[in-house]
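Visitor: Please see the structure below; I have some questions.
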């Protein structure tokens with residue numbers, strides 16, 4: 001029996017494969033494709049205290065081996081989330097991680113406080129780093145003192161594991177990671193999207209209504225891997241790797257670089273079965289390589 | 305078919321039974337290389353006897369050119385069936401289908417569905433020029449009267465499909481109940497919407513948006529509501545709430 005399990009603070013995952021926030025809806029969208037309980041867990045689309053309509057179109061555009069998005073965190077708000085989305089999520093037996101964002105530190109606190117009353121939430125992921133929300137957004141993730149302050153405030157209102165999602169659009173991602181760790185975060189996830197832009201040379205307009213957006217997909221994988229490697233070296237808390245993972249081979253790169261878990265993001269769009277394929281691929285790899293415990297490979301990159 | 309226009313048939317016996325006009329499939333391009341997304345295509349026709357589904361497309365980009373080079377027997381990765389479908393006429397006496405260019409695609413299946421429907425069927429087909437004209441003969445075989453127009457006058461009447469439509473609406477007996485079906489480029493949708501509102505004609509439109517997934521996960525294909533909902537909702541999703549919408553409920557901005 002191959003052991004794929006991993007540990008994120010007090011949270012034990014049956015395997016390290018999670019879905020990235022904003023690429024998996026509220027999981028129900030994928031229920032027709034496979035048994036969602038085969039994953040390590042799911043991370044929901046961002047929930048905010050108030051409903052948000054999202055940004056004006058065009059919101060997405062395709063780029064070489066990637067895509068730009070500026071969706072703007074549309075969601076029904078915490079109360080409607082609890083009424084409409086949570087019933088399905090609460091029936092999943094694996095880890096359900098709720099991704100939360102806010103315009104102000106107080107928004108984060110209020111949302112987490114309200115959601116914390118629900119039974120069955122495995123962890124919270126704090127989205128400090130959406131590059132597409134004009135108000136606040138980036139400042140939470142680009143200023144270590146602000147990141148530390150918000151993390152500490154949320155820490156006070158929940159005992160559940162707290163994951164802070166980090167942006168790569170900063171000078172030093174490990175400085176932000178350290179601030180979150182110092183404030184009581186149980187793990188970090190990295191990376192969120194890279195700020196990018198594309199212009200239609202015929203209309204001479206930006207391809208996104210918001211001008212710039214967040215780049216994701218295989219195009220960012222090497223950048224993500226370098227950031228995860230950096231964070232895993234400087235932090236004591238676990239690092240969850242995100243960025244262009246499409247296959248078990250991609251996932252193994254992140255584990256070797258030090259990731260304790262992974263999130264599958266953009267790949268879910270083109271291949272709705274992608275996350276399950278990564279789980280099965282990891283199983284297959286371990287069987288073939290006679291590896292009894294997948295996490296023995298964590299951080300096992302040979303540097304010399 | 306017409307210049308750069310291709311019809312691709314693929315075996316999909318189950319879908320051929322259930323596909324409804326307006327629904328779409330999302331296809332991974334062959335040899336897609338660094339092209340990340342699938343490409344959405346309206347179901348053009350569904351033949352339940354032969355178990356095939358057809359799509360209609362123009363080979364204009366890298367992905368669609370690769371698709372146009374598919375040979376019989378090649379395998380395709382197709383995600384479907386996606387989206388909602390046109391509501392069929394009930395007590396109406398006439399249906400009018402308005403197509404701009406390849407917007408004609410879903411109407412082949414719609415007319416197949418309506419083959420036993422006794423009412424009058426008129427299709428307004430607009431193309432840039434005679435080189436692009438396609439599907440007209442088959443639509444006639446399926447019981448429709450065709451009004452052809454082209455931008456340069458090389459096929460049918462010269463001018464916009466909307467002009468031809470409006471001329472017809474002015475001349476017809478306004479007491480007869482009619483239902484409009486619309487598909488085409490955004491500027492055309494905008495004009496037809498204005499015409500439909502002016503003549504108080506109920507209309508259904510199928511939209512074509514950029515989308516990364518096709519099943520509601522990427523939230524990248526918003527369609528703007530004409531009136532925001534009381535809870536602040538401003539957008540619907542082309543893939544999940546559509547691609548067919550009541551024309552008066554949505555607006556087309558740049």
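Protein chains in written order, with the numbering used here: chain A, 1 to 304; chain B, 305 to 558. For glycine and all other residues, C-beta sits at the position ideal for the given N, C-alpha and C.
With a CB to CB cut of under 6 Å and the five nearest residues on each side skipped, what residues in its chain are close to residue 428 (chain B)?
Guide: 402, 451, 465, 468, 469
Visitor: Pull up the CB-CB distance for residue 43 (chain A) and residue 97 (chain A), whole angstroms please, since I reckon it's below 8 Å.
Guide: 4 Å
Visitor: Please state whether the Cβ-Cβ distance between residue 56 (chain A) and residue 198 (chain A) is less than 8 Å.
Guide: no
Visitor: Quick check on residue 156 (chain A): buried or exposed, where buried means 16 or more other Cβ atoms within 10 Å of its Cβ?
Guide: It counts as exposed.
Visitor: Quick one: which chain A residues come within Cβ less than 7 Å of residue 524 (chain B)?
Guide: Contact of residue 524 (chain B) with chain A by beta-carbon distance below 7 Å involves 59, 60, 69, 71.
Visitor: Going along the chain, which residues of the region 527-551 of chain B sit with their C-beta nearer than 7 Å to a C-beta in chain A?
Guide: Answer set for the region 527-551 of chain B: 535, 536, 537, 538, 539.
Visitor: What does the alpha-carbon distance come out to for the pair residue 263 (chain A) and residue 75 (chain A)?
Guide: It is roughly 21 Å from the alpha-carbon of residue 263 (chain A) to the alpha-carbon of residue 75 (chain A).
Visitor: I'd like to check one pair, residue 68 (chain A) with residue 243 (chain A): are the Cβ atoms closer than 8 Å?
Guide: no
Visitor: Terminal residues of the continuous alpha helix (DSSP H) containing residue 517 (chain B)?
Guide: Where residue 517 (chain B) is concerned, there is no enclosing alpha helix (DSSP H), given that its DSSP letter is neither H nor E.
Visitor: Quick test of your reading: residue 538 (chain B) and residue 528 (chain B), contact by CB under 8 Å. State the CB separation rounded to the nearest angstrom.
Guide: Contact flag correct, Cβ pair sits at about 7 Å.
Visitor: Quick one: what's got a C-beta closer than 6 Å to residue 85 (chain A)'s C-beta in the same chain, skipping five residues either side?
Guide: 26
Visitor: Indicate whether the contact test is met: 3 or more Cβ pairs, each with one atom in the region 253-268 of chain A and one in the region 220-240 of chain A, closer than 8 Å.
Guide: Yes: at least three Cβ pairs fall under 8 Å.
Visitor: Anything in chain B within Cβ reach of residue 270 (chain A), meaning under 8 Å, just list it in chain order.
Guide: 332, 340, 341, 342, 516, 517
Visitor: Under 8 Å between C-beta atoms, does residue 520 (chain B) make it to chain A?
Guide: By this cut-off, residue 520 (chain B) is an interface position.
Visitor: To the nearest angstrom, report how far apart residue 407 (chain B) and residue 424 (chain B) are at their CA atoms.
Guide: A straight line joining the alpha-carbon of residue 407 (chain B) with that of residue 424 (chain B) spans about 21 Å.
Visitor: Any contact of the region 12-25 of chain A with the region 279-290 of chain A, i.e. 3+ C-beta pairs under 8 Å?
Guide: yes
Visitor: For the putative contact between residue 275 (chain A) and residue 39 (chain A), defined by C-beta atoms under 8 Å, what is the C-beta separation to the nearest angstrom?
Guide: 6 Å
Visitor: Within 10 angstroms of its Cβ, does residue 322 (chain B) collect 16 or more other Cβ (buried), or is it exposed?
Guide: Under this definition residue 322 (chain B) is an exposed residue.
Visitor: Could you please tell me which residues of the region 195-223 of chain A, in chain order, have their CB closer than 7 Å to any CB of chain B?
Guide: 217
Visitor: How many angstroms separate the CA atom of residue 431 (chain B) from the CA atom of residue 460 (chain B)?
Guide: 9 Å
Visitor: Please identify the residue among B:458, B:526, B:368, B:442 whose C-alpha is closest to the C-alpha of residue 516 (chain B).
Guide: B:526
Visitor: Across which residues does DSSP place residue 386 (chain B) in a beta bridge pair?
Guide: B:328
Visitor: So the candidates are A:220, A:200, A:221; which of them puts its Cα closest to the Cα of residue 313 (chain A)?
Guide: Outside the modelled stretch of chain A, which goes from 1 to 304, sits residue 313 (chain A), for which no answer is possible.
Visitor: For residue 128 (chain A) and residue 28 (chain A), I'd like the C-alpha separation in whole angstroms.
Guide: CA-to-CA, the gap between residue 128 (chain A) and residue 28 (chain A) works out to about 25 Å.
Visitor: For residue 34 (chain A), which of helix, strand or coil comes out of DSSP?
Guide: coil
Visitor: Starting from the beta carbon of residue 23 (chain A), find every residue of chain E whose beta carbon is closer than 8 Å, and list them in chain order.
Guide: You won't find chain E in this structure, because its protein chains are A and B.
Visitor: Report buried or exposed for residue 305 (chain B), applying the criterion of at least 16 other Cβ atoms within 10 angstroms of its Cβ.
Guide: exposed
Visitor: Taking only beta-carbon positions, decide if residue 66 (chain A) is within less than 8 Å of chain B.
Guide: yes
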